[in-house]
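Last residue of the sequence shown: number 461 in the UniProt record's numbering, and the count goes up by one each step with no gaps.
Everything below concerns the one structure shown next.
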Amino acid sequence: MPVMLVTDESCNFWFSELQNKTIPSLRWHVLMGSHPLDFKSTGDVLTTETLKKGSLISLSFNYIWAPEGIAIICFTSGTTGRPKGVAISHSALIVQSLAKIAIVGYGEDDVYLHTAPLCHIGGISSAMAMLMVGGCHVLTPKFEAKAALEAIEQHYVTSLITVPTIMADLISLIRINKTWKGGDTMRKILNGGGGLSMELIKDATKFFPKAKLLSAYGMTETCSSLTFMTLYDPTLKESCQGLQKFNEIKSNSIHQPEGVCVGKAAPHVELRTCVKGSSYVGRILTRGPHVMLRYWDQIPARASDSSNEVWLDTGDIGSIDEYGNLWLIGRKNGRIKSGGENVYPEEVEAVLLQHPGVHGVVVVGLPDARLTEMVVACIQMKDNWRWADIQSEHLVKNKELLLPNEILQHYCREMNLTGFKIPKIFILWRKPFPLTTTGKLRRDQVQREVMSHLQPLASNL
């Protein structure tokens, strides 16, 4: 039962309604502001101004040690359907926070800018890590690139977390703002919610030259990060940088792993793949204290069951190489069945994003009478590139900046993408791709929009 409620002045109307509610367990109200609201009794209302002055306030609680009890119910972002409430234990929050402290290197000297909402597992686990080390927190009402850059400069921010869209927004604004000087204070950047493109990694290391740049793979059901990977470390030589090392590992590996490397498991995380036959690719499973207790609407497990002993199916497909690196291919439920073969959109997207003319890409499957599903790629082009067919090349002065379907298909072959995975159709996408509130792609919405434009369509291959 809740004993303390923390809110800010924007929740004034909702906060005041508590006067008419009976919540026996609620003993303290902490208002993030200078003045208490107009309560009938303000004796139990604390303000951040009061706390800053160091007033001696007696907060006596009877603590109950319940490591496997529910600490929070955090909702998934709903990229594949309706958001689910995930019951997360106290133990999960603690071990995940300790992992971030150990791997990212958070410390008491850090000034941490909150870029993720505190209802999102990435925002919660990083906030917990910073609370545990005693760092300074900088909060803004919501993420806006301009406000974030101002906060970095004003408060000498040393660490933050991003998703690719946040990183892209920050870099886009830094390019315009020639007088911005905040990059030199940044020391730690942790990216999640999807991989950064090579272009974004290059830009991040350019504009935040002293920052260690890491990437994490995880989900709400695992209380945030399962694996970590260092993309750039300013203290290391170029030959020792994360991406360089992983490219060497890929070329030297026995099985030539497919997909994108997302690093090694955190110390407390167990990972394995469930494969069939001789294949080394399969469903990614995990277990340990980080695994959720259950979805909120599910019947609780028996008392004898422990989340530490149960393997959780992440819903992702991938492989683990001989060095312990996890290679992510895509979502099990997101796969495209084309001509009897499995195609994972994320794998195709990772290849196309390496083309110098491609700014963004989303791959979807469309119903097809012959292939069952046809692979279609929606492309966002970079500036100065033109979208055209081979027949219209004479209209473009600089043919090197021409981007016809045939060139993209040829590029996929050059990058050793198997034939059945190469998109049959490429579509120019002129607007931003739809995202959830946490910055994750709404692939289902892209698919619906493409279908509305192209259906009915038959493959000519």
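All C-beta atoms, glycine included, are put in the ideal place defined by N, C-alpha and C.
Rounded to whole angstroms, the gap between the alpha carbons of residue 196 and residue 124 is 21 Å. Residue 286 sits in a strand when the DSSP states are folded into three classes. Under the DSSP assignment, residue 265 falls outside any alpha helix (DSSP H), being part of the beta strand (DSSP E) whose first and last residues are 260-265. DSSP lists 219 as the bridge partner or partners of residue 224. A residue is called buried when at least 16 other Cβ atoms come within 10 angstroms of its Cβ; residue 139 does not meet this threshold and is exposed. Per DSSP, residue 411 lies in no beta strand (DSSP E); the unbroken alpha helix (DSSP H) holding it starts and ends at 405-414.
In this chain, residue 298 is not harboured by any beta strand (DSSP E), its DSSP state being neither H nor E. Shown here for residue 381: same chain residues with a beta carbon closer than 8 Å to its own, the five before and five after excluded, namely 357, 358, 359, 387, 403 and 428 in chain order. By the 16-neighbour rule on beta-carbons within 10 angstroms, residue 349 is buried.
Here residue 438 is buried, its C-beta having at least 16 other C-beta atoms within 10 Å. Around the CB of residue 344, 16 or more other CB atoms lie within 10 Å, so the residue is classed as buried. Remark: C-beta atoms of residue 376 and residue 423 approach each other more closely than 7 Å. Under the DSSP assignment, residue 7 falls in the beta strand (DSSP E) whose first and last residues are 4-8.
Sequence-distant partners of residue 104 (beyond 5 residues in either direction) whose C-beta falls short of 7 Å from its own C-beta, in its chain, are 188, 190 and 214. Apart from sequence neighbours up to five positions away, the residues of its chain that approach residue 151 with a beta-carbon distance below 7 Å are 113, 138, 140 and 157, ordered along the chain.
Cβ neighbours of residue 430 within its own chain (closer than 6 Å, five residues either side excluded): none. Here the C-alpha atom of residue 443 lies approximately 31 Å from the C-alpha atom of residue 289. The shortest C-alpha to C-alpha distance from residue 327 to any of 183, 216 and 369 is the one to 216.
The continuous stretches of beta strand (DSSP E) do not include residue 207, which lies in the alpha helix (DSSP H) extending over residues 198-207. It is roughly 30 Å from the alpha-carbon of residue 354 to the alpha-carbon of residue 222. Residue 190: not part of any alpha helix (DSSP H); member of the beta strand (DSSP E) spanning 188-191, first to last residue. Shown here, residue 438 sits in coil according to DSSP, grouped into three states, outside any helix or strand. DSSP places residue 32 in no alpha helix (DSSP H) but in the uninterrupted beta strand (DSSP E) bounded by 28-32.
Short of 7 Å from the beta carbon of residue 313, and not among the five residues preceding or following it, lie these beta carbons of its own chain, in chain order: 283 and 285. Going by beta carbons, residue 100 and residue 129 fall inside the 7 Å limit.
Contact between residue 317 and residue 329 holds, with the beta-carbon distance rounding to 5 Å and staying under 8 Å. The three-state reading of DSSP puts residue 166 in helix, counting H, G and I together. Secondary structure of residue 256 (DSSP, three-state): coil. Note: residue 230 is bridge-paired with 214 in the DSSP secondary-structure output. Assignment of beta-bridge partners to residue 342 by DSSP yields 337. Taking a cut-off of 8 Å for Cβ pairs, the segment 22-33 and the segment 2-11 touch, as three or more such pairs fall below it. Here DSSP, grouped into helix, strand and coil, assigns residue 82 to coil. With fewer than 16 other beta carbons inside 10 angstroms of its own, residue 298 counts as exposed. A Cβ-Cβ contact shorter than 7 Å links residue 361 with residue 352.
In the DSSP annotation of this structure, the continuous segment of the beta strand (DSSP E) that includes residue 137 starts and ends at 136-138. Collapsing the DSSP output to three states places residue 372 in a strand.
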